[in-house]
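Enquirer: Supplied in structure tokens, the structure appears directly below.
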Amino acid sequence: MSARILVVDDVPANVKLLEARLSAEYFDVLTASNGTEALQICARAECDIILLDVMMPDIDGFEVCRRLKSNPATHFIPVVIVTALDSPADRVRGLEAGADDFLTKPVSDVVLIARVRSLTRLKMMTDELRMRALTSLEIGVQAPERSAVADTGKGGRVLLVDDRPSSYERLAPVLSTEHTVDVEANPADALFHAADGNYDLLIVSLGLDNFDGLRLCSQVRSLERTRQVPILAIADADNNARLLRGLEIGVNDYLLRPVDKNELLARARTQIRKRRYTDHLRDNVQNSIEMAITDALTGLHNRRYMESHLGTLAEQAAARGKPLALMMLDIDFFKSINDNYGHDAGDDVLREFAVRLRKSIRGIDLACRYGGEEFVIVMPETDLHVAGLVAERLRRSIAGETFAINKGTKRIEVTISIGLSTLELKGEAVADVLKRADTALYRAKHDGRNRVVATAA
Numbered sequence: 001m002s003a004r005i006l007v008v009d010d011v012p013a014n015v016k017l018l019e020a021r022l023s024a025e026y027f028d029v030l031t032a033s034n035g036t037e038a039l040q041i042c043a044r045a046e047c048d049i050i051l052l053d054v055m056m057p058d059i060d061g062f063e064v065c066r067r068l069k070s071n072p073a074t075h076f077i078p079v080v081i082v083t084a085l086d087s088p089a090d091r092v093r094g095l096e097a098g099a100d101d102f103l104t105k106p107v108s109d110v111v112l113i114a115r116v117r118s119l120t121r122l123k124m125m126t127d128e129l130r131m132r133a134l135t136s137l138e139i140g141v142q143a144p145e146r147s148a149v150a151d152t153g154k155g156g157r158v159l160l161v162d163d164r165p166s167s168y169e170r171l172a173p174v175l176s177t178e179h180t181v182d183v184e185a186n187p188a189d190a191l192f193h194a195a196d197g198n199y200d201l202l203i204v205s206l207g208l209d210n211f212d213g214l215r216l217c218s219q220v221r222s223l224e225r226t227r228q229v230p231i232l233a234i235a236d237a238d239n240n241a242r243l244l245r246g247l248e249i250g251v252n253d254y255l256l257r258p259v260d261k262n263e264l265l266a267r268a269r270t271q272i273r274k275r276r277y278t279d280h281l282r283d284n285v286q287n288s289i290e291m292a293i294t295d296a297l298t299g300l301h302n303r304r305y306m307e308s309h310l311g312t313l314a315e316q317a318a319a320r321g322k323p324l325a326l327m328m329l330d331i332d333f334f335k336s337i338n339d340n341y342g343h344d345a346g347d348d349v350l351r352e353f354a355v356r357l358r359k360s361i362r363g364i365d366l367a368c369r370y371g372g373e374e375f376v377i378v379m380p381e382t383d384l385h386v387a388g389l390v391a392e393r394l395r396r397s398i399a400g401e402t403f404a405i406n407k408g409t410k411r412i413e414v415t416i417s418i419g420l421s422t423l424e425l426k427g428e429a430v431a432d433v434l435k436r437a438d439t440a441l442y443r444a445k446h447d448g449r450n451r452v453v454a455t456a457a
């Protein structure tokens, strides 16, 4: 998982130390020595995460964070404040400025990398939603997105999971000043409660007496109905190992005991505000795609959407210096299926093919029905070798199991041919990538079908 990290600190030794740690984990690192330079870099370069010192000579880190989060062009970039200031008041000030997290100097290597990776996963998901929303807007099928800057993060529904009365009797009244709060004192029932409650935030004590709090967090992330609910963990100060494990399995943020009430409210507002923003993006994209740019038969994106979004993905790949793979697929002898069994049978094959296709690719990959029995898959950050492995796996999944047609009364064998190409050169036209994939597909069909052929850039 690669990302571009901006490190901002006026002490050169601190910059070099963070740069070395991050570079060793293969992150792309940019540096700035003051707040003004950091804002200028963000205005001209795409950053995935910002590590921001507080004490700087021109503009302090809190003000830099506030400016970034008040600007619609940069408000979605996660900001981690790195500081020697560790009082609750300082953390609250940073959270109110929009900071996503804090790291206290001296920074532990393990904590640094775990937090950066966690925020990178969140940023990748948000970026994909924003790009798809922008594509829909450009082709005129949805209204402009609302700004997340003005959302206060108040008025949410919160589920507090804690089996210690001395703890939840102190936390719940604080949260109730801004949110509707339910307390679940029986952790074994918490997952069912969370799934049925349509909550904006789940707060879990990792110090449960009768249940493993991390296991509950893992279960929340694995259940479809609760997968998008942010999790705020509360742990004892000596529980770093469990906190790091929590970040790996999907915990969004954490608080250490003793819990400061203002910090609790600030972190809850931050998570609820993010949840509302991503929900809005997700709903907006989903509705617009379903209305105008989805193939009605297969449920995949249609050619119109693919051609628009492919340009966006290609620009992003070029800007980041990352490969982009494209797969063009054709169902072999599809005309014969229609001729021999009827067009309803052909539709059955297309629908089942789309189901198997989805199971073979990632969530960030773009799958489209290009026309008739031809399909296209666009795979960001994927080179030709990996794309070939995915294509071969898909080919086997199609050929390895027969397709049911005519309401399940008959099963037939189906195979596919696949052509691959990649975009690896800056400024290359996406039409050329499509043409190479089409040429590779032609070769696959010419050489006997039911095979994968790749054409390098």
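Going letter by letter, the sequence shown gives residues 1 to 457 in UniProt numbering. Where a beta carbon is used, it is the ideal one built from N, C-alpha and C, also for glycine. Please read these numbers as outputs of a predicted model, since none were measured by experiment.
Going by Cα to Cα distance, which pick from Asp58, Phe353 and Ile203 is closest to His179?
Expert: The residue you call residue 179 lines up with position 179 of the sequence shown. Comparing Cα-Cα distances from His179 to each of Asp58, Phe353 and Ile203, the minimum goes to Ile203.
Enquirer: Rounded to whole angstroms, what's the CA-CA distance from Arg44 to Glu374? Just pull it up for me.
Expert: Taking the sequence shown and counting its residues from 1, the one referred to as residue 44 is at position 44. Taking the sequence shown and counting its residues from 1, the one referred to as residue 374 is at position 374. Near 39 Å, if we compare the C-alpha coordinates of Glu374 and Arg44.
Enquirer: Using 8 Å as the limit for Cβ to Cβ distance, is Asp383 near chain D?
Expert: You won't find chain D in this structure, because it holds only one protein chain.
Enquirer: Compare the C-alpha of Asn186 against each of Leu159, Thr177 and Leu171 and name the closest.
Expert: Reading the sequence shown from its first residue, position 186 is the one you call residue 186. The residue with the shortest Cα to Cα distance from Asn186 is Leu159.
Enquirer: Among the candidates Arg358, Ile59 and Leu310, whose CA atom is the shortest distance from the CA of Leu326?
Expert: Here residue 326 corresponds to residue number 326 of the sequence shown, with the count starting at 1. Closest by alpha carbon: Leu310.
Enquirer: For Thr455 and Asp438, what's the separation of their Cα atoms in angstroms?
Expert: As a working note, residue 455 is residue 455 in the sequence shown. As a working note, residue 438 is residue 438 in the sequence shown. Roughly 10 Å separates the two Cα atoms.
Enquirer: For the alpha helix (DSSP H) containing Thr312, name the first residue and the last one.
Expert: Position 312 of the sequence shown, counting from 1, holds the residue named residue 312. Arg303 to Arg320 is the span of the alpha helix (DSSP H), which, as asked, contains Thr312.
Enquirer: Considering only their Cβ atoms, is the gap separating Val181 from Ala172 smaller than 8 Å?
Expert: The count along the sequence shown starts at 1 and reaches residue 172 at position 172. The count along the sequence shown starts at 1 and reaches residue 181 at position 181. Going by C-beta atoms, Ala172 is nearer than 8 Å to Val181.
Enquirer: In chain order, what residues of the same chain lie with their CB nearer than 6 Å to the CB of Glu352, ignoring the 5 residues before and after it?
Expert: Looking up residue 352 in the sequence shown gives position 352. If we look at Glu352 and ignore the five residues flanking it on each side, its Cβ neighbours are Phe403.
Enquirer: Would you kindly report the start and end of the unbroken alpha helix (DSSP H) that includes Gly388?
Expert: Within the sequence shown, residue 388 is the residue found at index 388, counting from 1. Leu384 to Ala399 is the extent of the alpha helix (DSSP H) around Gly388.
Enquirer: Could you give the uninterrupted runs of the beta strand (DSSP E) lying entirely in the UniProt domain "GGDEF" (322-457), keeping only those of 3 residues or more?
Expert: The qualifying runs are 324-331, 366-371, 374-380, 403-405, 410-412, 416-423 and 452-454.
Enquirer: Nearest CA to the CA of Phe334: which residue from Leu394, Glu413 and Asp383?
Expert: Residue 334 sits at position 334 when you count from the first residue of the sequence shown. Closest by alpha carbon: Glu413.
Enquirer: Do Ile416 and Asp330 come within 8 Å of each other at the CB atom, strictly closer than that value?
Expert: Residue mapping note: residue 330 aligns to position 330 of the sequence shown, counting from 1. Residue mapping note: residue 416 aligns to position 416 of the sequence shown, counting from 1. Yes; because the gap between Cβ atoms is below 8 Å, this pair is in contact.
Enquirer: If you check the beta carbons only, do Ala354 and Gly299 fall under 8 Å apart?
Expert: Within the sequence shown, residue 354 is the residue found at index 354, counting from 1. Within the sequence shown, residue 299 is the residue found at index 299, counting from 1. It is a contact, given that the beta carbons lie within the stated cut-off.
Enquirer: Tell me whether Asp53 sits in a helix, a strand or coil according to DSSP, three-state version.
Expert: Indexing the sequence shown from 1 puts residue 53 at position 53. Looking at Asp53 - three-state DSSP - the assignment turns out to be strand.
Enquirer: Would you identify the three-state DSSP class for Glu224, choosing helix, strand or coil?
Expert: Position 224 of the sequence shown, counting from 1, holds the residue named residue 224. Glu224 falls in the helix class under three-state DSSP.
Enquirer: Could you tell me the alpha carbon to alpha carbon distance between Ile377 and Val183, rounded to whole angstroms?
Expert: For the purposes of this step, residue 377 is taken as the residue at position 377 of the sequence shown. For the purposes of this step, residue 183 is taken as the residue at position 183 of the sequence shown. Using only the alpha carbons, I get a separation of about 45 Å.
Enquirer: Counting C-beta neighbours from all protein chains within 10 Å, is the total for Leu201 16 or more, i.e. buried, or is it exposed?
Expert: Counted from its first residue, the sequence shown places residue 201 at position 201. That one is buried.
Enquirer: Could you say which of Leu247, Arg269 and Val174 lies nearest to Thr153 if we only look at CA atoms?
Expert: As a first step, residue 153 is located in the sequence shown; it is residue number 153 there, counting from the start. A quick correction: the sequence has Gly, not Thr, at residue 153. Nearest of Leu247, Arg269 and Val174 to Gly153, Cα basis: Arg269.
Enquirer: Here's the rule: buried if 16 or more other CB atoms are within 10 angstroms of the residue's CB, otherwise exposed. What is Pro12?
Expert: Here residue 12 refers to the residue found at position 12 of the sequence shown. With fewer than 16 other Cβ atoms within 10 Å, it is exposed.
Enquirer: State the start and end residues of the unbroken alpha helix (DSSP H) segment that holds Gln293.
Expert: Position 293 of the sequence shown, counted from the start, is the residue given in the question as residue 293. Sequence inspection shows Ile at residue 293; the Gln mentioned does not correspond to that position. Neither: Ile293 is in no alpha helix (DSSP H) and is coded neither H nor E.
Enquirer: Out of Ala3, Ile361, Glu37 and Lys435, which one is the CA nearest neighbour of Asp10?
Expert: Locating residue 10 in the sequence shown gives position 10, counting from the first residue. Among Ala3, Ile361, Glu37 and Lys435, the Cα nearest to that of Asp10 belongs to Glu37.
Enquirer: Taking 8 Å as the cut-off, decide whether the C-beta atoms of Asn240 and Asp332 are in contact.
Expert: In the sequence shown, residue 240 corresponds to position 240, counting from 1. In the sequence shown, residue 332 corresponds to position 332, counting from 1. Taking 8 Å as the Cβ cut-off, Asn240 and Asp332 do not qualify as a contacting pair.
Enquirer: Ignore the nearest five residues each way along the sequence and tell me which others in Arg245's own chain have a CB closer than 8 Å to its CB.
Expert: For the purposes of this step, residue 245 is identified with residue 245 of the sequence shown, where counting begins at 1. Correct list, in chain order: Leu214.
Enquirer: Among Ile49, Arg273, Ser421 and Asp260, which one has its Cα closest to the Cα of Thr74?
Expert: Taking the first residue of the sequence shown as position 1, residue 74 is located at position 74. Looking at the Cα atoms, Ile49 is the closest of the given residues.
Enquirer: Could you pull the DSSP bridge partners for Asp28 from this structure?
Expert: Translated into the one-based positions of the sequence shown, residue 28 becomes position 28. Note: Asp28 sits in a beta bridge opposite Arg4.
Enquirer: Please classify Ser70: does DSSP put it in a helix, a strand, or coil?
Expert: As a position in the sequence shown, residue 70 is number 70, starting the count at 1. Note: Ser70 maps to helix in three-state DSSP.
Enquirer: Does DSSP put Val204 in a helix, in a strand, or in coil?
Expert: Translated into positions along the sequence shown, residue 204 becomes position 204. Three-state result, Val204: strand.
Enquirer: What first and last residue would you give for the beta strand (DSSP E) that runs through Arg157?
Expert: Indexing the sequence shown from 1 puts residue 157 at position 157. First-last of the beta strand (DSSP E) with Arg157: Arg157 to Val161.
Enquirer: Does the beta carbon of Leu350 fall short of 7 Å from some heavy atom of the ligand GDP?
Expert: Here there are no bound small molecules, and the ligand GDP is not part of this structure.
Enquirer: Less than 6 Å between C-beta atoms, sequence neighbours within five positions excluded: which residues of the same chain meet that for Lys69?
Expert: Position 69 of the sequence shown, counting from 1, holds the residue named residue 69. For Lys69, where only same-chain residues beyond five positions count, the Cβ hits under 6 Å are His75 and Gly98.
Enquirer: So Ile59 is in the beta strand (DSSP E); what residue range does that whole segment cover?
Expert: For the purposes of this step, residue 59 is identified with residue 59 of the sequence shown, where counting begins at 1. That residue, Ile59, is in no beta strand (DSSP E); it is neither H nor E in DSSP.
Enquirer: Around the C-beta of Lys274, are 16 or more other C-beta atoms found within 10 angstroms, so that it is buried, or is it exposed?
Expert: Counting from 1 along the sequence shown, the entry for residue 274 is found at position 274. Looking at its Cβ environment, which holds 16 or more other Cβ atoms inside 10 Å, Lys274 is buried.
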